[in-house]
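A short worksheet on the structure shown next.
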Amino acid sequence: MHRTARRVATRLARHCTQDYSTRQAVLEKNAQINAFVHIGPEPGPSSTPKTGPLADLKIAVKDNIATTDSPTTCSSAMLKSFTSPFEATVVQRLREDGADVVGKTNCDEFGMGSLNIYSVHGPTLNPFDPSERRSAGGSSGGSAAAVAMGACDAALGTDTGGSIRLPASYCGVVGFKPSYGFVSRWGVVSYADSLDCVGVLGADVPVVSRVFERISAFDTKDPTSAEPELRQLASAYTKQRLQSMTRLEGLKVGIPQEFFPAELSRPVLDRFRSVLRVLKERGVRLIPVSLPSSSYSLSAYYVLASAEASSNMARYDGIEYGERRPPSSATDLRSVASVYAQTRSAGLGPEVQRRILLGTYALTSDAFDNYFLQAQRVRQLVKNDFDAVFSLPNVRNEGVEDDPSAEGVDVLLHPSAIGSAPSLSSGPNPSSALDAYVQDLLTVPASLAGLPALSVPCPSPAPGEGNGDDGWPIGFSLIGQWGTDSLVLAVGEAISSAMR
Amino acid sequence: MLARLLLRRPCASHIQYRFLHAGRAGREDPRWPGYEVVIGIETHAQLKSRQKLFSHALTSGPKEQPNANVSVFDAAFPGTLPKLNPKCVDLGLRASIALNCDIQKRSSFDRKHYFYSDLPTGFQITQQYAPLAKNGSLDVYLPDQPTPATVRIKQLQLEQDTAKSTFIGRTLASLVDLNRAGTGLMEIVTEPDLRSPEEAGAYVRALQAILRAVGASDGNMEEGSLRCDVNVSVNRAGEPWGTRCEIKNLNSVRFMQAAITSEIRRHIDILTSPNPIVSQETRGFDENTFETFKLRSKEDAPDYRYMPDPNLGTLVLSEERIATIKRTLPELPWETRRRLLSSYGFPEKQVDTLMKLDSVKDVPLDGETSTIQGPIQYFDALCEGTKRDSKAVYNWMMHELLGQLTSRKQDFQSNTLTVQQLAELIDLVQGKILTGTSAKYLMRHMLSNPSNQPTKQVAEEQQLLSPEQTQEVKGASLVNDLEGVIQNAMESMPKEVAALKAGHMGVLNKIVGRVMKESRGRADAKSVKEVIERVVSTTP
Numbered sequence: 001m002h003r004t005a006r007r008v009a010t011r012l013a014r015h016c017t018q019d020y021s022t023r024q025a026v027l028e029k030n031a032q033i034n035a036f037v038h039i040g041p042e043p044g045p046s047s048t049p050k051t052g053p054l055a056d057l058k059i060a061v062k063d064n065i066a067t068t069d070s071p072t073t074c075s076s077a078m079l080k081s082f083t084s085p086f087e088a089t090v091v092q093r094l095r096e097d098g099a100d101v102v103g104k105t106n107c108d109e110f111g112m113g114s115l116n117i118y119s120v121h122g123p124t125l126n127p128f129d130p131s132e133r134r135s136a137g138g139s140s141g142g143s144a145a146a147v148a149m150g151a152c153d154a155a156l157g158t159d160t161g162g163s164i165r166l167p168a169s170y171c172g173v174v175g176f177k178p179s180y181g182f183v184s185r186w187g188v189v190s191y192a193d194s195l196d197c198v199g200v201l202g203a204d205v206p207v208v209s210r211v212f213e214r215i216s217a218f219d220t221k222d223p224t225s226a227e228p229e230l231r232q233l234a235s236a237y238t239k240q241r242l243q244s245m246t247r248l249e250g251l252k253v254g255i256p257q258e259f260f261p262a263e264l265s266r267p268v269l270d271r272f273r274s275v276l277r278v279l280k281e282r283g284v285r286l287i288p289v290s291l292p293s294s295s296y297s298l299s300a301y302y303v304l305a306s307a308e309a310s311s312n313m314a315r316y317d318g319i320e321y322g323e324r325r326p327p328s329s330a331t332d333l334r335s336v337a338s339v340y341a342q343t344r345s346a347g348l349g350p351e352v353q354r355r356i357l358l359g360t361y362a363l364t365s366d367a368f369d370n371y372f373l374q375a376q377r378v379r380q381l382v383k384n385d386f387d388a389v390f391s392l393p394n395v396r397n398e399g400v401e402d403d404p405s406a407e408g409v410d411v412l413l414h415p416s417a418i419g420s421a422p423s424l425s426s427g428p429n430p431s432s433a434l435d436a437y438v439q440d441l442l443t444v445p446a447s448l449a450g451l452p453a454l455s456v457p458c459p460s461p462a463p464g465e466g467n468g469d470d471g472w473p474i475g476f477s478l479i480g481q482w483g484t485d486s487l488v489l490a491v492g493e494a495i496s497s498a499m500r
Numbered sequence: 001m002l003a004r005l006l007l008r009r010p011c012a013s014h015i016q017y018r019f020l021h022a023g024r025a026g027r028e029d030p031r032w033p034g035y036e037v038v039i040g041i042e043t044h045a046q047l048k049s050r051q052k053l054f055s056h057a058l059t060s061g062p063k064e065q066p067n068a069n070v071s072v073f074d075a076a077f078p079g080t081l082p083k084l085n086p087k088c089v090d091l092g093l094r095a096s097i098a099l100n101c102d103i104q105k106r107s108s109f110d111r112k113h114y115f116y117s118d119l120p121t122g123f124q125i126t127q128q129y130a131p132l133a134k135n136g137s138l139d140v141y142l143p144d145q146p147t148p149a150t151v152r153i154k155q156l157q158l159e160q161d162t163a164k165s166t167f168i169g170r171t172l173a174s175l176v177d178l179n180r181a182g183t184g185l186m187e188i189v190t191e192p193d194l195r196s197p198e199e200a201g202a203y204v205r206a207l208q209a210i211l212r213a214v215g216a217s218d219g220n221m222e223e224g225s226l227r228c229d230v231n232v233s234v235n236r237a238g239e240p241w242g243t244r245c246e247i248k249n250l251n252s253v254r255f256m257q258a259a260i261t262s263e264i265r266r267h268i269d270i271l272t273s274p275n276p277i278v279s280q281e282t283r284g285f286d287e288n289t290f291e292t293f294k295l296r297s298k299e300d301a302p303d304y305r306y307m308p309d310p311n312l313g314t315l316v317l318s319e320e321r322i323a324t325i326k327r328t329l330p331e332l333p334w335e336t337r338r339r340l341l342s343s344y345g346f347p348e349k350q351v352d353t354l355m356k357l358d359s360v361k362d363v364p365l366d367g368e369t370s371t372i373q374g375p376i377q378y379f380d381a382l383c384e385g386t387k388r389d390s391k392a393v394y395n396w397m398m399h400e401l402l403g404q405l406t407s408r409k410q411d412f413q414s415n416t417l418t419v420q421q422l423a424e425l426i427d428l429v430q431g432k433i434l435t436g437t438s439a440k441y442l443m444r445h446m447l448s449n450p451s452n453q454p455t456k457q458v459a460e461e462q463q464l465l466s467p468e469q470t471q472e473v474k475g476a477s478l479v480n481d482l483e484g485v486i487q488n489a490m491e492s493m494p495k496e497v498a499a500l501k502a503g504h505m506g507v508l509n510k511i512v513g514r515v516m517k518e519s520r521g522r523a524d525a526k527s528v529k530e531v532i533e534r535v536v537s538t539t540p
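Just so you know, the protein sequences line up as chains A and B, in that order.
In terms of the UniProt record's numbering, the first sequence opens at residue 1 and continues consecutively.
In terms of the UniProt record's numbering, the second sequence opens at residue 1 and continues consecutively.
What follows is the structure, encoded as structure tokens:
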């Protein structure tokens with residue numbers, strides 16, 4: 001009890017007294033948290049005052065998103081001194097809108113990891129209570145921590161299988177993974193292209209919504225960018241539904257039974273129940289639903305993401321850019337592969353190497369049918385499951401003319417993670433590497449289906465309650481039909497304010 | 001050997017007719033009696049597009065400065081994404097239609113992985129699982145066979161070309177040029193329907209002609225924009241097909257035929273040895289020894305780990321787009337040939353000459369209509385309407401114009417004489433306003449002094465029009481002019497005139513020649529002769 005009180009006091013003190021108006025202050029605090037790997041210069045007084053819809057916001061950018069004024073390392077030794085010759089579309093849009101880009105944030109190497117421990121810059125500490133040395137989550141751990149420590153108003157992250165929602169849950173901030181294709185990936189370093197999404201982390205839903213609305217736009221440079229017609233169609237359905245809804249009254253929320261696995265901790269369940277209680281009081285209809293294929297999601301995700309990763313990582317050979325390890329005297333210079341192996345062995349970290357091997361195996365001609373194709377089938381089943389429970393149709397499916405069905409739900413609700421932030425002191429070891437994958441259990445289904453998903457902090461347990469609860473942040477997640485991003489954000493904000 | 005070949009030939013062709021309709025059956029070849037040969041060809045043809053297949057970088061010719069046309073995507077920079085160039089798809093569709101393929105309304109792209117310095121991303125984007133077009137065919141004519149061999153096209157797919165990497169043995173270093181990296185290629189795969197090295201050669205030539213005609217590729221093997229991989233197997237007549245071997249990267253028809261011949265002989269040597277087992281291999285061709293050599297065995301074949309490209313999705317083609325390409329498809333070689341034969345009534349030899357001349361014209365980028373006319377278009381334009389005799393046009397264009405261009409060390413593509421100018425020249429000759437000799441002189445003058453002036457105007461300036469015409473135009477007497485010229489000529493050749501007067505008629509032509517030269521051909525040689533004879537006979 002004493003500990004919890006102290007922690008709450010620390011949090012309050014931090015938010016009230018700490019001043020991050022200068023880069024120097026960010027720099028000093030960051031020395032402990034390690035959220036930033038690069039902090040940009042103070043916007044000088046000589047520079048013309050910024051104007052634009054985001055001119056009042058300080059925004060941090062994950063270090064796997066290309067910027068021309070600072071390195072883009074992806075937390076990899078391979079790119080430790082790499083500066084991109086071009087800027088990502090998202091960063092360009094932020095700058096055009098007047099945002100102050102504070103710096104680049106720490107992450108797991110190339111986005112591969114759930115604890116932000118696989119970084120050449122070292123792990124990011126969870127700012128909730130740095131003395132406990134807990135993980136900020138990953139892979140966008142630096143972005144979540146930067147927001148949680150108050151160094152910026154919002155941060156860009158990327159989410160391939162939960163990399164925004166998981167750290168948001170662990171750090172006690174809001175994290176939003178938009179519909180696949182809503183935010184341009186031009187300049188975003190690929191981990192697994194068919195899953196990668198750029199999203200936003202922030203202290204509350206309104207700031208996340210503000211930033212998201214500015215970066216969500218069709219981009220001809222991204223072949224997977226959602227076409228304007230599709231956006232309009234989805235937005236029409238969303239508007240219609242939002243108009244017929246007064247706050248939470250009449251909202252239909254599905255609770256997917258597969259999202260409560262044995263690994264889910266007791267405190268998470270308790271806090272999730274308290275959220276449900278609030279919703280019920282506000283007239284929300286809670287509907288149990290089933291997404292039967294979700295239980296295969298994690299396996300399918302790791303096959304597909306690793307296969308794409310093994311392909312995307314092939315370009316890091318030290319020839320055109322990046323670090324290069326000169327071949328040793330024993331290297332056969334006539335074999336290109338053995339020359340590359342020197343650089344790749346030295347420049348790519350253990351988790352990246354593990355996924356390259358996993359993905360390479362899944363793509364070999366002997367394994368392809370049983371692994372890759374099988375995982376693709378599961379992915380389709382997962383999509384079908386989601387389409388079956390939502391009332392709004394998936395406008396990405398061909399020949400959609402369905403009217404919204406009266407049966408389905410508006411959004412799905414589930415805990416964001418199986419527990420609170422894990423401790424960093426245990427350190428990575430071979431057996432925990434697989435355990436770490438379980439962290440993504442609840443977040444990967446929405447990734448496989450490309451759906452918008454938002455993690456919002458659950459209220460802390462009242463003093464005296466919360467049996468076994470360590471008081472650390474835990475989030476709940478909302479998932480919506482593809483393209484209904486504004487519905488998910490509106491519902492998220494309505495629930496947050498109902499809980500205040 | 002040659003005699004035997006000639007003797008057997010009629011018999012061999014006869015056998016082929018019988019089996020032609022039963023599919024491509026093997027046929028007896030006097031070079032390897034008792035054996036049958038089965039050949040299939042994979043051709044990689046560079047798309048003649050302005051920009052690369054997935055980036056905005058320009059495509060490069062062989063003389064381009066290394067690494068001049070490279071985008072961040074081509075160099076595989078992190079964060080870059082492909083963007084399909086619709087012009088490349090259109091060119092691929094033109095080739096597919098010309099090859100009678102079934103266009104696939106939905107096709108997709110896959111990644112083929114391997115590590116090599118010519119591949120910056122570590123994978124090549126190709127169409128392994130769902131190609132752009134399937135099930136086509138191409139009729140191949142051989143000079144000694146009246147009916148064509150129909151070669152089935154298995155598929156046509158779009159893919160990226162690689163960079164160019166050159167290994168320097170002395171320094172053990174590779175030089176990499178990314179100009180070619182990401183240029184669009186078509187891979188065109190035949191079924192195993194070819195039966196001899198000559199058929200294989202004829203197929204590649206026919207394919208080249210088609211790709212050039214529709215503007216899909218310039219098909220230039222010397223510059224590497226068309227390369228072939230050939231699969232060869234040999235079996236004893238009547239037995240099942242043998243084990244195939246693939247010969248990679250053949251860059252001329254001559255080398256391809258030599259490689260196939262060498263490979264056939266190698267297989268037969270193995271089949272007649274005590275251990276008659278041909279092993280499946282990938283082989284190269286040595287251009288110095290004219291023999292194939294082993295690159296790798298089947299066991300060493302790399303696993304390319306094909307994966308659907310997660311960025312490019314499905315390429316969906318509308319009925320309308322395909323119809324537009326079909327409607328605007330340029331004339332195909334056999335259509336041109338048929339038209340030239342029927343509408344001008346030329347013998348085949350002349351049509352072939354014209355088509356051969358046409359086959360070296362430049363292929364414009366992105367399938368655009370060229371602003372420079374090819375020889376056949378030039379010819380068609382000259383014959384437009386019916387007033388000009390096509391045989392006269394052929395002679396003026398193919399003999400006189402081409403001859404003069406050749407003597408000036410120019411090719412047809414650098415011809416500056418416009419269709420209008422040559423048409424007018426031919427008309428002036430046919431209307432007897434210009435003599436043939438004058439016209440040839442005039443053409444030489446116009447090629448040396450290119451201008452847009454009408455031919456008649458140039459002819460007037462050069463005082464080349466025939467006497468009647470000049471009199472009409474200027475009202476002056478050319479006869480007087482002509483006599484002046486003759487007078488001058490005779491005065492400058494006193495010895496010849498003396499000889500002529502002495503009865504040596506042989507020198508007459510020499511004096512006439514001088515007059516013709518002085519008058520720049522506009523005089524009529526016959527009347528010049530008469531005038532000279534008259535002058536000689538009337539002067540003491």
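Every residue gets a Cβ at the ideal spot worked out from N, C-alpha and C, and that includes glycine.
What in chain B is Cβ-close to residue i, meaning under 9 angstroms?
i	result
A/E320	A75, A76, F77, P120, V176, L178
A/A186	It should be noted that the sequence gives Trp, not Ala, for residue 186 of chain A. In chain order: G79, T80, L81.
Helix, strand or coil for residue i, going by three-state DSSP, please let me know.
i	result
A/G492	helix
A/S455	strand
A/Y237	helix
residue 544 of chain B	Since the first residue of chain B shown is 1 and the last is 540, residue 544 of chain B is not available in this structure.
B/Y344	helix
B/A45	strand
Out of the options, state which residue places its alpha-carbon closest to the alpha-carbon of residue i.
i	options	result
A/L412	A/L357, A/P463, A/S75, A/G492	A/G492
residue 501 of chain A	A/G347, A/Y371, A/A346	Past the edges of chain A, shown from 1 to 500, lies residue 501 of chain A, and the structure says nothing about it.
B/R212	B/N275, B/T150, B/L99	B/L99
B/K154	B/E42, B/P146, B/Y304	B/E42
A/M40	A/D56, A/E28, A/F82, A/R23	For clarity, residue 40 of chain A is Gly in the given sequence; the question names Met instead. It is A/R23.
B/N67	B/K112, B/A163, B/T80, B/Q124	B/A163
residue 555 of chain B	B/F285, B/L175, B/G503	Lying outside 1 to 540, the shown extent of chain B, residue 555 of chain B is not represented and no answer is given.
So with CB distances below 8 angstroms, who are the chain A contacts of residue i?
i	result
B/L172	L333, R334
B/F115	A314, D317, V336, A337, Y340
Name the chain B residues that come within less than 8 angstroms of residue i, Cβ to Cβ?
i	result
A/K221	L81, K83
A/L363	H113, R305, Y306, M307
Counting only Cβ pairs nearer than 7 angstroms, list the residues of chain A close to residue i.
i	result
B/F123	S311, A314
### Query
Contact between the stretch 121-133 of chain B and the stretch 87-96 of chain B: three or more CB pairs below 8 angstroms?
In short, these stretches touch, since the Cβ pair count reaches three.
### Query
Three or more C-beta pairs closer than 8 angstroms, one from the stretch 168-187 of chain A and one from the stretch 449-463 of chain A: is that the case here?
Counting Cβ pairs under 8 angstroms, three or more are found: they touch.
### Query
For the 8 angstroms Cβ check, are there 3 or more pairs between the stretch 281-291 of chain A and the stretch 241-256 of chain A?
The answer is yes - the stretch 241-256 of chain A touches the stretch 281-291 of chain A, with three or more Cβ pairs under 8 angstroms.
### Query
Is there contact between the stretch 460-475 of chain A and the stretch 211-219 of chain A, where contact requires at least three CB pairs shorter than 8 angstroms?
Verdict: no, contact absent.
### Task
Run through the stretch 161-227 of chain B for me and flag every whole beta strand (DSSP E) of 3 or more residues, listed as ranges in chain order.
If one requires a minimum length of 3 residues, the beta strand (DSSP E) runs lying completely within the stretch 161-227 of chain B are 164-168, 173-177, 184-190, in chain order.
### Task
Run through the stretch 300-388 of chain B for me and flag every whole alpha helix (DSSP H) of 4 or more residues, listed as ranges in chain order.
Qualifying alpha helix (DSSP H) stretches, in chain order: 319-327, 333-344, 348-358, 375-383.
#### Entry: Residue ranges of each alpha helix (DSSP H) within the stretch 93-178 of chain A, 4 or longer
Annotation: the stretch 93-178 of chain A contains the following complete segments of the alpha helix (DSSP H) (minimum length 4 residues), in chain order: 141-148, 165-171.
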